[in-house]
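S.K.:
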Amino acid sequence: MQNKPCLLLFLVLILSCFIAQILGNKQSQALARLYKSKLKEGAGINTSQFEAILHANGAKIHPQEGLKEKNRIDSLPGQPHVNFSQYGGYVTVDKEAGRALFLLLFC
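Under mature numbering (1 follows the signal peptide of the UniProt record, and there is no 0), read the sequence shown as residues -24 to -1, 1 to 83, first letter to last.
Written out as structure tokens, the structure reads:
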């Protein structure tokens, strides 16, 4: 009598695993069809050249001379010697709100 709830729970678990596997296969097949349709030549995807529009306010662009070497990082704590240059620094996103991002670049 006590084994019936455990058996029922086990069967529900096994059934849910099968359902998840079947639905996962359907999703992956749909994604594969989407990728293949985009790769076809007559897919209707606009591949013409476009002209980028610069939306930069000249008053907010500050001089950049000398900042590259100022932001260069020789090594990070605990990091072994590396054969590439590392740069880090803050980029102001919204000066009024005091928001900035810290970027770490590897070249």
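Here a beta-carbon is modelled for each residue, glycine too, at the ideal position from N, C-alpha and C.
Computed from a prediction, not measured in an experiment: that's the story for all the values here.
Compute the Euclidean distance between the alpha carbons of residue -22 and residue -14, then round it to the nearest angstrom.
M.R.: C-alpha separation (whole angstroms): 12 Å.
S.K.: Please identify the residue among 62, 42, 39 whose C-alpha is closest to the C-alpha of residue 51.
M.R.: Nearest option by C-alpha distance: 62.
S.K.: Alpha carbon to alpha carbon, how far is residue 1 from residue 85? Give it in angstroms, no decimals.
M.R.: The structure shown does not extend to residue 85, since the chain is modelled only from -24 to 83, so the question has no answer here.
S.K.: Give me, in chain order, the residues of the same chain whose beta-carbon lies closer than 8 Å to that of residue 16; leave out the 5 immediate sequence neighbours on both sides.
M.R.: Answer for residue 16: no residue qualifies.
S.K.: In the DSSP assignment, the beta strand (DSSP E) including residue 78 goes from what residue to what residue?
M.R.: Where residue 78 is concerned, the enclosing beta strand (DSSP E) stretches over 75 to 82.
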